[in-house]
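Residue numbering for the sequence shown follows numbering that gives the first Met the number 0, starting at 0 and increasing by one per position.
Think of the CB as a built atom: it goes at the ideal place given N, C-alpha and C, for glycine as much as any other residue.
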Amino acid sequence: MDSGLENVVAAETVLSDVDGQNGRLVIRGWPVQMLAASMAYEDAAHLLWQGFFDDLPDVPALGARLGAARVEAFDLVSRIPDGLDIIRFLRTGWSLLEDDESLGSAIRLAAAGPVFTAAAVRRERGQAPIAPDAGLSHSADFLRMLTGKTPGEAEARALDAYLVTVCDHGLNASTFAARVVASTRAGLVSAAMGGISALKGPLHGGAPGPVLDMLDEIGAPENAERWINAALSRGERLMGFGHRVYRVRDPRADALKAAVARLPGTSGRIAFADHIEKAVLGRLAKKYPARTLETNVEFSTALLLEALSIPREAFTATFACGRILGWTAHAREQIAEGRLVRPRSVYTGPVPERV
0 MDSGLENVVA AETVLSDVDG QNGRLVIRGW PVQMLAASMA YEDAAHLLWQ
50 GFFDDLPDVP ALGARLGAAR VEAFDLVSRI PDGLDIIRFL RTGWSLLEDD
100 ESLGSAIRLA AAGPVFTAAA VRRERGQAPI APDAGLSHSA DFLRMLTGKT
150 PGEAEARALD AYLVTVCDHG LNASTFAARV VASTRAGLVS AAMGGISALK
200 GPLHGGAPGP VLDMLDEIGA PENAERWINA ALSRGERLMG FGHRVYRVRD
250 PRADALKAAV ARLPGTSGRI AFADHIEKAV LGRLAKKYPA RTLETNVEFS
300 TALLLEALSI PREAFTATFA CGRILGWTAH AREQIAEGRL VRPRSVYTGP
350 VPERV
(Lines of atoms letter the chains of each structure in order from A and count residues from 1; the text may use other names and numbers.)
(Lines give C-alpha, C1' and ligand atoms only; values in the text may rest on other atoms or scores of the structure.)
Protein backbone atom coordinates (compact mmCIF):
# COMPACT_ATOMS: atom_id res chain seq x y z
CA MET A 1 0.00 0.00 0.00
CA ASP A 2 1.16 3.55 -0.78
CA SER A 3 -1.07 6.06 1.01
CA GLY A 4 0.18 9.00 -1.04
CA LEU A 5 0.14 6.98 -4.29
CA GLU A 6 3.65 8.23 -5.08
CA ASN A 7 4.77 4.92 -6.54
CA VAL A 8 1.45 3.91 -8.05
CA VAL A 9 0.98 4.20 -11.82
CA ALA A 10 -2.72 5.01 -12.29
CA ALA A 11 -2.79 6.06 -15.95
CA GLU A 12 -1.00 6.11 -19.27
CA THR A 13 -0.95 9.57 -20.83
CA VAL A 14 0.24 11.30 -23.98
CA LEU A 15 0.01 14.70 -22.32
CA SER A 16 3.04 15.29 -20.10
CA ASP A 17 6.10 13.57 -18.66
CA VAL A 18 7.51 14.77 -15.35
CA ASP A 19 11.10 13.62 -14.77
CA GLY A 20 11.78 14.64 -11.19
CA GLN A 21 15.24 13.10 -10.98
CA ASN A 22 16.62 15.06 -13.92
CA GLY A 23 14.45 18.18 -13.71
CA ARG A 24 12.65 17.82 -17.02
CA LEU A 25 9.05 18.47 -17.98
CA VAL A 26 7.85 17.53 -21.46
CA ILE A 27 4.36 18.48 -22.63
CA ARG A 28 3.25 16.61 -25.75
CA GLY A 29 6.83 16.32 -26.92
CA TRP A 30 7.80 19.90 -26.10
CA PRO A 31 10.23 20.81 -23.31
CA VAL A 32 8.40 23.25 -21.07
CA GLN A 33 11.05 25.93 -21.64
CA MET A 34 10.30 25.90 -25.39
CA LEU A 35 6.56 26.06 -24.76
CA ALA A 36 6.94 29.06 -22.47
CA ALA A 37 9.17 30.90 -24.91
CA SER A 38 7.17 30.33 -28.08
CA MET A 39 3.50 29.47 -27.48
CA ALA A 40 0.45 31.59 -26.77
CA TYR A 41 -2.43 30.25 -24.71
CA GLU A 42 -4.38 29.43 -27.85
CA ASP A 43 -1.46 27.36 -29.16
CA ALA A 44 -1.26 25.40 -25.91
CA ALA A 45 -5.00 24.73 -25.95
CA HIS A 46 -4.71 23.33 -29.46
CA LEU A 47 -1.66 21.26 -28.49
CA LEU A 48 -3.31 19.66 -25.47
CA TRP A 49 -6.73 19.10 -27.03
CA GLN A 50 -5.59 17.64 -30.35
CA GLY A 51 -6.60 14.02 -30.73
CA PHE A 52 -9.35 14.29 -28.12
CA PHE A 53 -11.90 16.28 -30.13
CA ASP A 54 -12.68 15.39 -33.75
CA ASP A 55 -14.03 18.90 -34.38
CA LEU A 56 -10.99 20.80 -33.06
CA PRO A 57 -10.34 23.70 -35.49
CA ASP A 58 -7.01 25.30 -36.32
CA VAL A 59 -5.43 27.75 -33.88
CA PRO A 60 -6.87 31.00 -35.35
CA ALA A 61 -10.39 29.56 -35.39
CA LEU A 62 -9.94 28.19 -31.89
CA GLY A 63 -8.84 31.63 -30.71
CA ALA A 64 -11.97 33.15 -32.24
CA ARG A 65 -14.15 30.61 -30.46
CA LEU A 66 -12.41 31.34 -27.16
CA GLY A 67 -13.06 35.06 -27.67
CA ALA A 68 -16.75 34.50 -28.40
CA ALA A 69 -17.04 32.21 -25.37
CA ARG A 70 -15.52 34.88 -23.11
CA VAL A 71 -18.27 37.24 -24.19
CA GLU A 72 -20.91 34.60 -23.44
CA ALA A 73 -19.40 33.86 -20.02
CA PHE A 74 -19.62 37.51 -19.01
CA ASP A 75 -23.41 37.23 -18.99
CA LEU A 76 -23.11 34.80 -16.07
CA VAL A 77 -21.12 37.14 -13.80
CA SER A 78 -24.24 38.80 -12.41
CA ARG A 79 -25.54 35.39 -11.29
CA ILE A 80 -22.55 34.75 -9.01
CA PRO A 81 -23.35 35.79 -5.41
CA ASP A 82 -21.37 38.30 -3.38
CA GLY A 83 -19.21 37.27 -0.45
CA LEU A 84 -17.10 34.66 -2.24
CA ASP A 85 -13.33 34.69 -2.33
CA ILE A 86 -11.78 34.59 -5.78
CA ILE A 87 -11.26 30.84 -6.13
CA ARG A 88 -14.82 30.12 -4.97
CA PHE A 89 -16.12 32.81 -7.33
CA LEU A 90 -14.37 31.03 -10.20
CA ARG A 91 -15.61 27.63 -9.09
CA THR A 92 -19.18 28.91 -8.81
CA GLY A 93 -19.00 30.56 -12.22
CA TRP A 94 -17.70 27.40 -13.85
CA SER A 95 -20.52 25.42 -12.25
CA LEU A 96 -23.03 27.53 -14.19
CA LEU A 97 -21.68 26.35 -17.56
CA GLU A 98 -23.34 23.67 -19.66
CA ASP A 99 -21.80 20.35 -18.67
CA ASP A 100 -21.01 17.73 -21.29
CA GLU A 101 -17.95 16.08 -22.83
CA SER A 102 -17.74 18.21 -26.00
CA LEU A 103 -15.14 20.60 -27.34
CA GLY A 104 -17.66 23.35 -26.67
CA SER A 105 -17.58 22.52 -22.98
CA ALA A 106 -13.77 22.63 -22.90
CA ILE A 107 -13.75 25.97 -24.72
CA ARG A 108 -16.35 27.44 -22.38
CA LEU A 109 -14.34 26.41 -19.33
CA ALA A 110 -11.08 27.83 -20.69
CA ALA A 111 -12.71 31.04 -21.88
CA ALA A 112 -14.64 31.67 -18.68
CA GLY A 113 -11.62 31.39 -16.39
CA PRO A 114 -10.22 34.90 -16.99
CA VAL A 115 -13.71 36.41 -17.13
CA PHE A 116 -14.68 35.12 -13.69
CA THR A 117 -11.26 35.69 -12.13
CA ALA A 118 -11.04 39.31 -13.28
CA ALA A 119 -14.66 39.97 -12.27
CA ALA A 120 -14.01 38.52 -8.81
CA VAL A 121 -10.98 40.75 -8.27
CA ARG A 122 -12.84 43.84 -9.38
CA ARG A 123 -15.89 43.01 -7.27
CA GLU A 124 -13.65 42.66 -4.20
CA ARG A 125 -12.31 46.14 -4.95
CA GLY A 126 -15.78 47.61 -5.37
CA GLN A 127 -15.25 48.05 -9.12
CA ALA A 128 -17.57 47.08 -11.95
CA PRO A 129 -16.52 44.07 -14.04
CA ILE A 130 -15.18 44.80 -17.51
CA ALA A 131 -16.76 43.06 -20.49
CA PRO A 132 -14.45 40.92 -22.66
CA ASP A 133 -13.07 42.01 -26.00
CA ALA A 134 -13.33 39.01 -28.32
CA GLY A 135 -10.83 40.59 -30.70
CA LEU A 136 -7.94 40.38 -28.23
CA SER A 137 -5.85 37.36 -27.44
CA HIS A 138 -6.83 35.30 -24.42
CA SER A 139 -4.01 36.60 -22.21
CA ALA A 140 -4.29 40.21 -23.35
CA ASP A 141 -8.01 40.21 -22.64
CA PHE A 142 -7.43 38.65 -19.21
CA LEU A 143 -5.14 41.53 -18.23
CA ARG A 144 -7.46 44.13 -19.76
CA MET A 145 -10.49 42.80 -17.86
CA LEU A 146 -8.43 42.82 -14.68
CA THR A 147 -6.76 46.24 -14.90
CA GLY A 148 -8.96 48.19 -17.30
CA LYS A 149 -6.02 48.83 -19.62
CA THR A 150 -5.07 46.99 -22.80
CA PRO A 151 -1.63 45.49 -22.06
CA GLY A 152 1.42 45.79 -24.24
CA GLU A 153 2.73 42.82 -26.17
CA ALA A 154 5.40 42.10 -23.54
CA GLU A 155 2.83 41.83 -20.76
CA ALA A 156 0.47 39.63 -22.77
CA ARG A 157 3.34 37.35 -23.78
CA ALA A 158 4.48 37.09 -20.17
CA LEU A 159 1.04 35.92 -19.07
CA ASP A 160 1.00 33.51 -22.01
CA ALA A 161 4.30 32.11 -20.75
CA TYR A 162 2.84 31.53 -17.29
CA LEU A 163 -0.45 29.97 -18.40
CA VAL A 164 1.35 27.71 -20.87
CA THR A 165 3.99 26.68 -18.33
CA VAL A 166 1.40 25.50 -15.81
CA CYS A 167 -1.06 23.99 -18.31
CA ASP A 168 -0.19 20.41 -17.35
CA HIS A 169 2.08 18.58 -14.93
CA GLY A 170 1.51 14.86 -14.79
CA LEU A 171 -0.91 13.21 -12.41
CA ASN A 172 -0.91 15.83 -9.66
CA ALA A 173 -3.69 15.95 -7.06
CA SER A 174 -6.08 18.21 -8.98
CA THR A 175 -5.55 16.43 -12.29
CA PHE A 176 -6.10 13.05 -10.66
CA ALA A 177 -9.28 14.38 -9.07
CA ALA A 178 -10.46 15.60 -12.48
CA ARG A 179 -9.74 12.20 -14.04
CA VAL A 180 -11.62 10.36 -11.29
CA VAL A 181 -14.69 12.52 -11.87
CA ALA A 182 -14.37 12.18 -15.65
CA SER A 183 -14.24 8.41 -15.32
CA THR A 184 -17.84 8.50 -14.06
CA ARG A 185 -18.86 10.25 -17.32
CA ALA A 186 -20.11 13.25 -15.33
CA GLY A 187 -18.92 15.81 -17.92
CA LEU A 188 -16.00 18.21 -18.32
CA VAL A 189 -17.43 20.91 -16.06
CA SER A 190 -17.89 18.34 -13.30
CA ALA A 191 -14.31 17.18 -13.83
CA ALA A 192 -13.14 20.79 -13.56
CA MET A 193 -15.09 21.10 -10.30
CA GLY A 194 -13.08 18.19 -8.96
CA GLY A 195 -9.84 19.76 -10.13
CA ILE A 196 -10.45 23.23 -8.75
CA SER A 197 -11.72 21.85 -5.44
CA ALA A 198 -8.45 19.96 -5.00
CA LEU A 199 -6.49 23.03 -6.08
CA LYS A 200 -8.21 25.12 -3.39
CA GLY A 201 -6.39 23.16 -0.69
CA PRO A 202 -3.28 24.92 0.66
CA LEU A 203 -1.03 21.91 0.05
CA HIS A 204 -1.57 22.11 -3.72
CA GLY A 205 -2.20 25.60 -5.04
CA GLY A 206 -1.42 28.32 -2.51
CA ALA A 207 2.34 28.97 -2.44
CA PRO A 208 3.12 31.96 -4.75
CA GLY A 209 1.47 34.57 -2.51
CA PRO A 210 3.52 33.57 0.56
CA VAL A 211 6.69 33.86 -1.55
CA LEU A 212 5.95 37.57 -1.95
CA ASP A 213 5.11 37.81 1.75
CA MET A 214 8.56 36.40 2.49
CA LEU A 215 10.30 38.87 0.17
CA ASP A 216 8.36 41.76 1.69
CA GLU A 217 9.21 40.72 5.25
CA ILE A 218 12.91 40.40 4.44
CA GLY A 219 12.79 43.83 2.82
CA ALA A 220 16.49 44.25 1.99
CA PRO A 221 19.38 41.93 1.06
CA GLU A 222 21.22 42.55 4.33
CA ASN A 223 18.25 41.17 6.28
CA ALA A 224 18.13 37.87 4.43
CA GLU A 225 20.36 35.66 6.56
CA ARG A 226 18.84 36.79 9.86
CA TRP A 227 15.26 36.35 8.59
CA ILE A 228 15.94 32.92 7.09
CA ASN A 229 17.62 31.64 10.26
CA ALA A 230 14.75 32.89 12.41
CA ALA A 231 12.14 31.30 10.16
CA LEU A 232 13.91 27.94 10.17
CA SER A 233 14.38 28.04 13.94
CA ARG A 234 10.61 28.43 14.25
CA GLY A 235 10.14 25.36 12.08
CA GLU A 236 8.57 27.34 9.24
CA ARG A 237 8.59 26.16 5.66
CA LEU A 238 10.29 28.54 3.23
CA MET A 239 7.83 28.93 0.38
CA GLY A 240 9.11 28.57 -3.15
CA PHE A 241 11.58 25.82 -2.31
CA GLY A 242 11.27 22.04 -2.42
CA HIS A 243 8.87 19.89 -4.42
CA ARG A 244 7.09 16.56 -4.03
CA VAL A 245 8.45 15.28 -7.36
CA TYR A 246 11.55 17.26 -8.33
CA ARG A 247 14.84 16.30 -6.70
CA VAL A 248 16.63 19.02 -8.65
CA ARG A 249 15.62 22.49 -9.77
CA ASP A 250 12.07 22.75 -11.11
CA PRO A 251 12.42 23.40 -14.87
CA ARG A 252 9.35 25.64 -14.78
CA ALA A 253 11.14 28.02 -12.41
CA ASP A 254 13.73 28.91 -15.06
CA ALA A 255 11.13 29.14 -17.82
CA LEU A 256 9.18 31.72 -15.83
CA LYS A 257 12.28 33.54 -14.61
CA ALA A 258 13.18 34.17 -18.24
CA ALA A 259 9.66 35.50 -18.84
CA VAL A 260 9.98 37.92 -15.91
CA ALA A 261 13.32 39.15 -17.21
CA ARG A 262 11.71 40.10 -20.53
CA LEU A 263 9.32 42.49 -18.78
CA PRO A 264 10.43 46.13 -18.50
CA GLY A 265 11.19 47.50 -15.06
CA THR A 266 11.77 44.18 -13.31
CA SER A 267 15.56 44.10 -13.03
CA GLY A 268 15.68 45.46 -9.48
CA ARG A 269 13.09 43.03 -8.15
CA ILE A 270 14.81 40.15 -9.93
CA ALA A 271 18.19 41.07 -8.43
CA PHE A 272 16.70 41.17 -4.94
CA ALA A 273 14.90 37.86 -5.45
CA ASP A 274 18.10 36.27 -6.79
CA HIS A 275 19.92 37.31 -3.62
CA ILE A 276 17.22 35.82 -1.41
CA GLU A 277 17.10 32.64 -3.49
CA LYS A 278 20.84 32.07 -3.15
CA ALA A 279 20.72 32.77 0.58
CA VAL A 280 17.85 30.35 1.13
CA LEU A 281 19.41 27.57 -0.95
CA GLY A 282 22.71 27.94 0.87
CA ARG A 283 21.06 27.78 4.28
CA LEU A 284 18.85 24.82 3.34
CA ALA A 285 21.88 22.90 2.05
CA LYS A 286 23.62 23.36 5.40
CA LYS A 287 20.58 22.56 7.54
CA TYR A 288 19.42 19.55 5.49
CA PRO A 289 22.56 18.09 3.86
CA ALA A 290 20.86 14.75 3.17
CA ARG A 291 17.94 16.35 1.32
CA THR A 292 17.77 18.16 -2.01
CA LEU A 293 15.67 21.29 -1.65
CA GLU A 294 15.72 23.41 -4.79
CA THR A 295 13.77 26.34 -6.18
CA ASN A 296 10.30 25.44 -7.44
CA VAL A 297 7.86 27.03 -9.86
CA GLU A 298 6.13 29.09 -7.17
CA PHE A 299 9.16 31.33 -6.64
CA SER A 300 9.26 32.60 -10.21
CA THR A 301 5.47 32.56 -10.46
CA ALA A 302 5.25 35.07 -7.64
CA LEU A 303 7.62 37.48 -9.38
CA LEU A 304 5.88 37.17 -12.74
CA LEU A 305 2.31 37.61 -11.52
CA GLU A 306 3.36 40.50 -9.29
CA ALA A 307 4.99 42.22 -12.27
CA LEU A 308 1.70 41.85 -14.19
CA SER A 309 -0.25 43.53 -11.34
CA ILE A 310 -2.23 40.38 -10.60
CA PRO A 311 -3.09 40.52 -6.87
CA ARG A 312 -1.86 37.77 -4.58
CA GLU A 313 -5.34 36.65 -3.68
CA ALA A 314 -5.94 35.85 -7.37
CA PHE A 315 -2.82 33.72 -7.87
CA THR A 316 -4.54 30.36 -7.34
CA ALA A 317 -7.42 31.24 -9.66
CA THR A 318 -4.94 32.41 -12.30
CA PHE A 319 -3.16 29.07 -12.00
CA ALA A 320 -6.51 27.35 -12.59
CA CYS A 321 -6.96 29.40 -15.77
CA GLY A 322 -3.84 27.71 -17.13
CA ARG A 323 -4.34 24.26 -15.67
CA ILE A 324 -7.90 24.01 -17.04
CA LEU A 325 -6.31 23.01 -20.35
CA GLY A 326 -4.67 20.03 -18.71
CA TRP A 327 -7.73 19.11 -16.65
CA THR A 328 -9.97 19.01 -19.72
CA ALA A 329 -7.41 17.10 -21.80
CA HIS A 330 -6.88 14.55 -19.03
CA ALA A 331 -10.64 14.23 -18.61
CA ARG A 332 -11.04 13.39 -22.28
CA GLU A 333 -8.14 10.96 -22.09
CA GLN A 334 -9.76 9.22 -19.13
CA ILE A 335 -13.10 9.09 -20.93
CA ALA A 336 -11.39 7.41 -23.89
CA GLU A 337 -9.91 4.87 -21.48
CA GLY A 338 -13.46 3.82 -20.70
CA ARG A 339 -12.81 2.60 -17.17
CA LEU A 340 -14.31 3.85 -13.92
CA VAL A 341 -11.54 4.65 -11.44
CA ARG A 342 -12.19 2.32 -8.50
CA PRO A 343 -9.14 1.50 -6.34
CA ARG A 344 -9.26 -0.85 -3.39
CA SER A 345 -8.75 -0.05 0.28
CA VAL A 346 -7.46 -2.16 3.16
CA TYR A 347 -9.88 -2.38 6.06
CA THR A 348 -8.26 -1.65 9.46
CA GLY A 349 -11.39 -1.26 11.60
CA PRO A 350 -12.82 -3.60 14.22
CA VAL A 351 -13.76 -7.14 13.25
CA PRO A 352 -17.16 -8.39 14.46
CA GLU A 353 -17.08 -11.18 17.02
CA ARG A 354 -18.41 -14.56 16.03
CA VAL A 355 -21.77 -15.37 17.53
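First and last residue of the uninterrupted beta strand (DSSP E) at residue i
| i | result |
| --- | --- |
| aspartate 18 | 15–18 |
| arginine 338 | Premise fails: arginine 338 is in no beta strand (DSSP E) and is neither H nor E. |
| glutamate 23 | Residue identity check: residue 23 is arginine in the sequence provided, not glutamate. Here the beta strand (DSSP E) through arginine 23 covers 23–26. |
Length of the line joining the Cα atoms of residue i and residue j
| i | j | result |
| --- | --- | --- |
| threonine 291 | methionine 238 | 15 angstroms |
| leucine 47 | arginine 343 | 31 angstroms |
| valine 13 | leucine 24 | 13 angstroms |
| alanine 223 | glutamate 235 | 15 angstroms |
| aspartate 212 | valine 350 | 50 angstroms |
| glutamate 11 | asparagine 228 | 43 angstroms |
| phenylalanine 240 | alanine 270 | 18 angstroms |
| threonine 116 | arginine 341 | 34 angstroms |
| tyrosine 346 | valine 163 | 42 angstroms |
| alanine 153 | leucine 262 | 6 angstroms |
| serine 266 | phenylalanine 175 | 38 angstroms |
| isoleucine 217 | tryptophan 226 | 6 angstroms |
| serine 136 | alanine 111 | 14 angstroms |
| leucine 65 | alanine 177 | 22 angstroms |
| proline 209 | glutamate 312 | 10 angstroms |
Limits of the alpha helix (DSSP H) - the one that residue i falls within
| i | result |
| --- | --- |
| arginine 364 | Any answer about residue 364 is impossible in this case: the structure gives the chain only from 0 up to 354. |
| isoleucine 79 | No alpha helix (DSSP H) contains isoleucine 79, which DSSP labels as neither H nor E. |
| serine 189 | 187–198 |
| isoleucine 360 | Residue 360 falls outside the range modelled here, since the chain spans only 0 to 354, and no answer is possible. |
| phenylalanine 271 | 266–286 |
| leucine 61 | 58–73 |
| methionine 213 | 207–217 |
| glutamate 293 | Here glutamate 293 belongs to no alpha helix (DSSP H), and DSSP marks it neither H nor E. |
| histidine 203 | 201–204 |
| aspartate 159 | 152–164 |
| methionine 33 | 31–37 |
| leucine 47 | 40–48 |
| methionine 144 | 137–146 |
| valine 114 | 102–123 |
| serine 173 | 172–182 |
| arginine 251 | 250–260 |
Residue closest to residue i, alpha-carbon to alpha-carbon, out of the options
| i | options | result |
| --- | --- | --- |
| glycine 321 | Gln32, Ala44, Ile26 | Ala44 |
| leucine 324 | Ala109, Pro30, Ala118 | Ala109 |
| glycine 204 | Lys256, Met0, Ala316 | Ala316 |
| tyrosine 287 | Ser266, Ser232, Ser2 | Ser232 |
| arginine 27 | Gly50, Val8, Glu5 | Gly50 |
| aspartate 54 | Ala330, Ala67, Glu100 | Glu100 |
Rounded Cβ spacing between residue i and residue j (contact assumed at less than 8 angstroms)
| i | j | result |
| --- | --- | --- |
| leucine 302 | arginine 268 | 6 angstroms |
| alanine 258 | alanine 39 | So it is not a contact: roughly 13 angstroms between Cβ atoms. |
| threonine 327 | tyrosine 161 | Not really, about 18 angstroms apart at Cβ, beyond 8 angstroms. |
| proline 207 | phenylalanine 314 | 5 angstroms |
| leucine 61 | leucine 75 | Between leucine 75 and leucine 61 the Cβ distance is about 21 angstroms, and since that is not below 8 angstroms, they are no contact. |
| valine 114 | alanine 72 | 4 angstroms |
| alanine 139 | threonine 149 | 7 angstroms |
Contact with chain B by residue i, beta-carbon distance below 8 angstroms
| i | result |
| --- | --- |
| alanine 35 | Absent from the structure: chain B. Only one protein chain is present. |
At a cut of 8 angstroms, does the region 245–260 reach the region 16–33 through at least three beta carbon pairs? Judged by Cβ distances under 8 angstroms, the region 245–260 makes contact with the region 16–33, as three or more pairs qualify.
Does the count of Cβ pairs from the region 275–290 and the region 128–145 closer than 8 angstroms reach three? Judged by Cβ distances under 8 angstroms, the region 275–290 makes no contact with the region 128–145, as fewer than three pairs qualify.
Under 8 angstroms: do the region 295–314 and the region 248–268 share three or more Cβ pairs, one atom per stretch? Three or more pairs of CB atoms, one per stretch, sit closer than 8 angstroms, so the region 295–314 contacts the region 248–268.
Do the region 195–204 and the region 97–114 make contact, defined as three or more Cβ pairs closer than 8 angstroms? Not touching, per the Cβ criterion.
Any 3 or more C-beta pairs closer than 8 angstroms across the region 110–124 and the region 73–83: Touching, per the Cβ criterion.
Under 8 angstroms: do the region 145–162 and the region 175–189 share three or more Cβ pairs, one atom per stretch? No, because fewer than three Cβ pairs between the region 145–162 and the region 175–189 fall closer than 8 angstroms, the two stretches do not touch.
Say whether the region 187–197 touches the region 88–101, bearing in mind that this needs 3 or more beta-carbon pairs closer than 8 angstroms, one atom from each stretch. Short answer: they touch.
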